[in-house]
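With the working numbering as the guide, the letters of the sequence shown map in order to residues 2 to 310.
First up is the structure itself, then whatever we jot down about it.
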Amino acid sequence: MSILLIAQNRDMKPVRDTLLREDPDLEVELWPAVRNPGAVQFAIAWNQPGEVFRQFPNLKAVSSFGAGADHLLSDPAIPPHIDILRLETDSIDRQMADYVEGACLQILRSFSQYMRQQMRGEWNQLPHTTREHLTIGILGLGRIGSLTARELANSGWNVSGWARSEKSLEGVRTFHGASELSGFLSATRILVCLLPLTNETEGILNLELFKKLKRPAHLINAGRGAHLVEEDLIYALDTGILQSATLDVFLEEPLPDTHPFWNRERVTITPHIAAITEPEDVAGQIVENYKRVISGMKPLHVIDRSRGY
Numbered sequence: 002m003s004i005l006l007i008a009q010n011r012d013m014k015p016v017r018d019t020l021l022r023e024d025p026d027l028e029v030e031l032w033p034a035v036r037n038p039g040a041v042q043f044a045i046a047w048n049q050p051g052e053v054f055r056q057f058p059n060l061k062a063v064s065s066f067g068a069g070a071d072h073l074l075s076d077p078a079i080p081p082h083i084d085i086l087r088l089e090t091d092s093i094d095r096q097m098a099d100y101v102e103g104a105c106l107q108i109l110r111s112f113s114q115y116m117r118q119q120m121r122g123e124w125n126q127l128p129h130t131t132r133e134h135l136t137i138g139i140l141g142l143g144r145i146g147s148l149t150a151r152e153l154a155n156s157g158w159n160v161s162g163w164a165r166s167e168k169s170l171e172g173v174r175t176f177h178g179a180s181e182l183s184g185f186l187s188a189t190r191i192l193v194c195l196l197p198l199t200n201e202t203e204g205i206l207n208l209e210l211f212k213k214l215k216r217p218a219h220l221i222n223a224g225r226g227a228h229l230v231e232e233d234l235i236y237a238l239d240t241g242i243l244q245s246a247t248l249d250v251f252l253e254e255p256l257p258d259t260h261p262f263w264n265r266e267r268v269t270i271t272p273h274i275a276a277i278t279e280p281e282d283v284a285g286q287i288v289e290n291y292k293r294v295i296s297g298m299k300p301l302h303v304i305d306r307s308r309g310y
């Protein structure tokens, strides 16, 4: 029985080494050099190639190497009887909250505009505002979204949040359901997307939604690339519906050299780094889930396939 580590565009050797330090008796396979595909019962995957899981007939569970699992939920090579898991750590949650607040501070203090002015050799003081006048709206109040909303509120921001079902967070005005989405948007100046990717949320960041925001409005997307209708964002920026966009996730990653986002001054691009999964933070959780799976126990953090998270 073995654990399979599989990823494209990421070196999984440090993950293997950390797992073996956690439990030296483990059998850990690194894709694509798998000695015995029939022995693989548990897999850790990130950006896996298509159809690869059909090679492992005794697979029982697959875990994402991160908080998001849509790359697994959309993989037809993972049959319904196989559990799909996500990783949950305080480190991932904290990194995401820091990323969002950093992006909000950049908007508050106009750092991007000042950087562009510096490149042009311009000395020009821009209008100043305060965080009390920049209501942040968090789309998605799951584990990460709730922590982010609370942290921002504790730092003195005006924060609201929207979720599919009713939530209650101290210091945060909450909205829920389709009927309250417009009210949430109309008070929001900085929209932060931390939603899971589901059939209902795919393409949710579109022109119709942008038009409902309080202007001047800004977008921060650290959810998934498929949340965003890219051509709608370009139109919204060009027409002044949005003032800026900070994007950490994209439909295609790495972002192609020819993508129009690269040439947009009002778009800030980061290469999917809002929350980085460090092997030391998740090794214990991975080993625990592996042992649960091979013992016939229910693993931790199983995704509800019908809900998408």
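Yeah, the Cβ is synthetic: ideal placement off N, Cα and C, and Gly gets one too.
Could you have a look at residue i and say whether DSSP puts it in helix, strand or coil?
i	result
Ala227	helix
His260	coil
Gly178	coil
Ser75	coil
Val63	strand
Val173	strand
Gly146	helix
Ala154	helix
Ile242	coil
Val160	strand
Leu127	coil
Phe57	coil
Ser166	coil
Gly184	helix
Pro15	helix
Ala237	helix
Leu20	helix
Name the two residues that bound the continuous alpha helix (DSSP H) containing residue i.
i	result
Gln119	112 to 121
Glu133	Run containing Glu133: none; DSSP gives neither H nor E here.
Gly51	That residue, Gly51, is in no alpha helix (DSSP H); it is neither H nor E in DSSP.
Tyr100	91 to 109
Which residues does DSSP pair with residue i in a beta bridge?
i	result
Thr269	Thr247
Asn222	Cys194, Leu248
Asp84	Ala62
Leu34	Note on residue identity: the sequence assigns Ala, not Leu, to residue 34. Answer is Leu31.
Leu206	Leu229
Val303	Leu86
Between residue i and residue j, what straight-line distance do the alpha-carbon atoms span, to the nearest angstrom?
i	j	result
Trp32	Leu60	14 Å
Arg22	Ser296	21 Å
Glu133	Gly157	7 Å
Ile137	Gln244	14 Å
Val283	Gln42	19 Å
Pro50	Asp76	9 Å
Pro280	Thr19	6 Å
Trp47	Ala68	11 Å
Met2	Leu86	19 Å
Tyr236	Glu152	32 Å
Ser180	Leu208	18 Å
Ile93	Leu301	16 Å
Ile274	Val268	16 Å
Ala164	Tyr310	13 Å
Ala78	Ile242	41 Å
Pro261	Ser183	29 Å
Thr130	Glu28	56 Å
Asp233	Glu203	14 Å
Gln56	Leu5	12 Å
Leu324	Trp124	Here the chain covers residues 2 to 310 and nothing more, so residue 324 does not appear.
Provide the residue span of the beta strand (DSSP E) that contains residue i, from first to last.
i	result
Phe43	41 to 47
Ile4	3 to 8
Asp26	Where Asp26 is concerned, there is no enclosing beta strand (DSSP E), given that its DSSP letter is neither H nor E.
Val283	Run containing Val283: none in the beta strand (DSSP E); it sits in the alpha helix (DSSP H), 280 to 295.
Leu140	137 to 140
Is residue i close to chain B, meaning its C-beta is less than 8 Å from at least one C-beta of that chain?
i	result
Thr240	The question asks about chain B, but that chain is absent: this structure has only one protein chain.
Indicate, with yes or no, if the ligand ADP has a heavy atom lying under 7 Å from the CB of residue i.
i	result
Trp124	Inclusion of the ligand ADP in the displayed structure is not the case, the ligand content being empty and no account of it being possible.
Contact between the region 184 to 195 and the region 132 to 147 (3+ Cβ pairs under 8 Å): yes
At least three beta-carbon pairs within less than 8 Å, the region 211 to 230 to the region 96 to 106: yes
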